[in-house]
Amino acid sequence: MKKKLISGFYKLGVKERVKILNEMGIISCEERCSLERQNQILSLNEADKMVENVIGVFGLPLAIASDFLLNDKNYFVPMVVEEPSVVAGVNNAAKIIKSSGGFKSELRNSLLVGQIQIRNLKDTAQAKKILQQNKSNLIEKANELIPRLNKRGGGVKDIDIREVNIQNRLDLVLHLHVNTADAMGANLVNTVCEGLSDAIEGMITGNVGLKILSNYTDQSLVKVEIEIHPDLLEKNEFTGIEVRDGIIDACDFANADPYRAVTHNKGIMNGIDAVAIATGNDWRAIEAAAHAYASSTGRYKSLSNWDICDNGNLKGELLMPIKVGIVGGSLSANPASRMGLNITKVDSATELSELIGAVGLAQNFAALRALATNGIQQAHMKLHARSVALSAGIPEEYFSEVIKDMINSKEIKKWKAQELLEKKLSERNKIKLQDKKKIVGSASAKFILLGEHAVVYDQYAIAYPINDAVKISINDQEKNLAFTLSGFLEQEISEGSEYFSYFKKLLDVICNSFAVDVPLVRFDINSQVPLAMGLGASASIAVALSNVLNNYFGLSKNSEEINKIAFECEKINHIQPSGIDNTVASFGKAVFYNKNKPINVLSKKYSKSLPIIIAMSKSPSKTSDLVTSVADARNKNKELFEKIFDQMGEISQQGLDAIKKENFNQLGDLMNIYQGLLNSIGVSTPELESMIDIARSSGALGAKLTGSGGGGSIIALCPDHQIEVRNCLNRAGYQTIVTNKDND
380 MKKKLISGFY KLGVKERVKI LNEMGIISCE ERCSLERQNQ ILSLNEADKM VENVIGVFGL
440 PLAIASDFLL NDKNYFVPMV VEEPSVVAGV NNAAKIIKSS GGFKSELRNS LLVGQIQIRN
500 LKDTAQAKKI LQQNKSNLIE KANELIPRLN KRGGGVKDID IREVNIQNRL DLVLHLHVNT
560 ADAMGANLVN TVCEGLSDAI EGMITGNVGL KILSNYTDQS LVKVEIEIHP DLLEKNEFTG
620 IEVRDGIIDA CDFANADPYR AVTHNKGIMN GIDAVAIATG NDWRAIEAAA HAYASSTGRY
680 KSLSNWDICD NGNLKGELLM PIKVGIVGGS LSANPASRMG LNITKVDSAT ELSELIGAVG
740 LAQNFAALRA LATNGIQQAH MKLHARSVAL SAGIPEEYFS EVIKDMINSK EIKKWKAQEL
800 LEKKLSERNK IKLQDKKKIV GSASAKFILL GEHAVVYDQY AIAYPINDAV KISINDQEKN
860 LAFTLSGFLE QEISEGSEYF SYFKKLLDVI CNSFAVDVPL VRFDINSQVP LAMGLGASAS
920 IAVALSNVLN NYFGLSKNSE EINKIAFECE KINHIQPSGI DNTVASFGKA VFYNKNKPIN
980 VLSKKYSKSL PIIIAMSKSP SKTSDLVTSV ADARNKNKEL FEKIFDQMGE ISQQGLDAIK
1040 KENFNQLGDL MNIYQGLLNS IGVSTPELES MIDIARSSGA LGAKLTGSGG GGSIIALCPD
1100 HQIEVRNCLN RAGYQTIVTN KDND
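Under our numbering, think of the first position of the sequence shown as 380, with each following residue one higher.
Written as structure tokens, this is what we have:
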């Protein structure tokens, strides 16, 4: 695979990593979509068919190591591992090794052993002689049991007859050496062992005991070699020669002391197991064989060996059993395993064994290099700090700062993370007090509870505010028009960009309405909701801009006047705005809205926040496109669509009654019915339906899309299960907003 490998992959966000892998052809468009929607995860139904007594699906991180140059071919390697620094260590090691020519790996044989035990022998020597004479016949019979494997070039290649002393009883054990081709082979070998038992008992006076494969795969030895120039080994204040000699000393220690050897080999298996899991292979079998082989000399030793070449370079070698497959096993049952295998782009089980061996040696090199220099703890510290910050619930905006401060304090503890957060919150409050004199404007975003699309056709809709969604301040120290964007939408805005052009158009409309010139100042926009997610972010920004300019110029525009201006701003993005977004943003209260009727702001009693969780999909929603699509469909079948819109309007009326009675069960039912109608007019999507199903199955009384659909967001009514619903949606990869935290 002659592909340009990725620089700074670790600096990218998850979504950007997936996008780049797709653009490079490492994953398909279908796999990209699956990862973005987290559909590669084993479903509960699939899990229930794999093992017994299933109650859920357990998740682990799926990561990518790149820069693997093995036998002159570049690889991307999937790794499933929860231990910090393993992937980073492997990736860094692979880059260094690539600079020295890469890995050389070879698997000479790939045989799996099946054992047939023969007991109660009257004459062991005679039985052994008979079996030896019939070996060719037994091999032929065995291969008749697995005709499809024979066609693929596999099958039983040889049989050894061993004598084993068991409690002063001499048994015979047949070893069937089976080439399983690209299959994992466990079931094939067991089939052969069981199928030969009758034929064996018919030849000799003895009984067949156990008949099963052996996981000691010493007939599948992978040999991996690397050579690294000392100049590439330098680290911090350590010279390349010092690092080289330190690595060799560490390996000698492992060969001399089994206590060290166990940890040494565990590090190798950190890399090997991670790839085995990611590709659906039996990591437990690989582990068992590895440790048995490490003890094959009668003393537990290192699986790797490090030495100095004649030219002074560091030479590393790994020799160990690795027997894997690329067909059968869990690959057929687990979509994540299939994806992991596809990422490797291997053509055979032999190639996969060689790649896994290379990852094991890379991990060993990374660990020994760390130990030979600053010690392994420093490499672990940052990732460990991330895990601690995550468990302490540190918000995203303080996450990086808290990690940095924890590392500097050398107290990587949950209590320390929380202490640092409290300190930063206190500092922010002080800054807020100092900034009170700033000219600011704010606005609510919104979610539509009931009534979307029908509201365009003169029906009622109910919408609630997302309070303080957008805050905009003016900095008049700069004498040029500029914008900054922070919060959910954090990014730089350069003149001429799409955002700059859009915000400038909003200012033109607002300032024209105010009869003032656009001021040459910087607008600092902080938005807690994303654009194109059906939450009225564009209207909220328009209202916040209107409010901040209202304050800046010392005008006295009221909410009704601001609302009219924001409606004109909405026409920039939406061909036919209903007016509901700007109305909620302007008044900051829940409304029972009909575009042809006076604005009906709900009383304070009924306008208080509902126990709603908002979850945002991975796909944007463009309101103008969806409204146009529904309009086109309505024009083709006007009578049917009018009936649907009438039903939607009636549900909104009933929804208002349910709110006034605080009947959440009825409100949830109405939301679910409304979602069915939205689906019928073609504005829902499989992803939104999946999110809705997650919310309902985890305790929501009702769930539906909100806004125009076609992507965007869903809302879930959760008077009793906000935490459960939010956590389930978060685990599925969706960001959430809790509108009423009193219920959390």
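Don't be surprised by glycine CBs; every beta carbon is placed ideally from N, CA and C.
Query, Result
"Simplified DSSP state of F862, which is helix, strand or coil", "strand"
"Closest residue to F893 among F932, S1076, E871 (Cα-Cα distance)", "F932"
"Member of I1073, G967, L828, I735 whose CA lies at the smallest distance from the CA of N1109", "I1073"
"Cβ distance (whole Å) where I509 is taken to contact M429 below 8 Å", "I509 to M429, Cβ: 43 Å. No contact."
"contact_flag[the region 985-1002, the region 1096-1109] where n(CB pairs < 8 Å) is 3 or more", "yes"
"S576 beta carbon near the ligand SAM (any heavy atom closer than 8 Å)", "Ligands displayed in this structure: none; no statement on the ligand SAM is therefore possible."
"Where the alpha helix (DSSP H) containing Q511 begins and where it ends", "503-512"
"CA-to-CA distance, G1090 to S998, given in whole angstroms", "5 Å"
"Opening and closing residue of the alpha helix (DSSP H) in which L1049 lies", "1043-1059"
"The region 1014-1021 in contact with the region 1100-1109 per 3-pair CB rule at 8 Å", "no"
"DSSP state of A822 mapped onto helix, strand, coil", "strand"
"K976 burial status per 10 Å Cβ neighbour count (16 or more: buried)", "exposed"
"Span of the beta strand (DSSP E), counted from its first residue to its last, around H554", "548-558"
"Collapsed DSSP secondary structure at L448 in the structure displayed", "strand"
"A504, buried or exposed, once every other Cβ within 10 Å from all chains shown has been counted against 16", "exposed"
"Helix, strand or coil at I910 [DSSP, three-state]", "Correcting the residue identity first, residue 910 is Leu in this sequence and not Ile. If DSSP states are grouped into helix, strand and coil, L910 belongs with coil."
"Reference T723, options K452, L592, Y836, closest by Cα", "K452"
"Same chain, Cβ closer than 7 Å to L1035, five either side skipped, listed in chain order", "I841, F971"
"Coarse secondary structure for D1123, derived from DSSP in three states", "With a pLDDT of 37 at D1123, under the threshold of 50, the modelled position of this residue cannot be trusted; read the value that follows with caution. D1123: coil per DSSP, three-state reduction."
"Contact set for E947: own chain, Cβ-Cβ below 8 Å, skip 5 residues either direction", "V888, S892"
"Proximity below 9 Å, CB of S1092 to CB of G830", "no"
"Counterpart residues of A840 in DSSP-defined beta bridges", "Y972"
"Bridge partner(s) assigned by DSSP for D854", "Before going further, note that residue 854 is Asn rather than Asp in the sequence given. Answer is R901."
"Backbone CA spacing between K590 and Q496 [nearest angstrom]", "6 Å"
"Buried/exposed call for E395, threshold 16 Cβ in 10 Å", "exposed"
"Rounded straight-line distance, which links the Cα of L486 to that of S599", "7 Å"
"Enclosing alpha helix (DSSP H) for A749 [first to last residue]", "728-751"
"Local conformation of T1064 per DSSP, three classes", "coil"
"Collapsed DSSP secondary structure at E1021 in the structure displayed", "helix"
"Complete alpha helix (DSSP H) runs within the region 661-724 (minimum length 4 residues, chain order)", "662-673, 714-723"
"Among I951, L553, G588, I405, nearest to S445 - alpha-carbon criterion", "I405"
"For Q496, three-class secondary structure by DSSP", "strand"
"Exposure of G1086, with buried meaning 16 or more beta-carbon neighbours within 10 Å", "buried"
"One or two residues paired with E402 in a DSSP bridge", "For E402, which the question treats as bridged, DSSP gives no partner whatsoever."
"Bounding residues of the alpha helix (DSSP H) (the contiguous stretch that carries L928)", "916-931"
"Nonlocal neighbours in the same chain, by C-beta distance under 6 Å from K974, ignoring five residues either side", "S957, G958"
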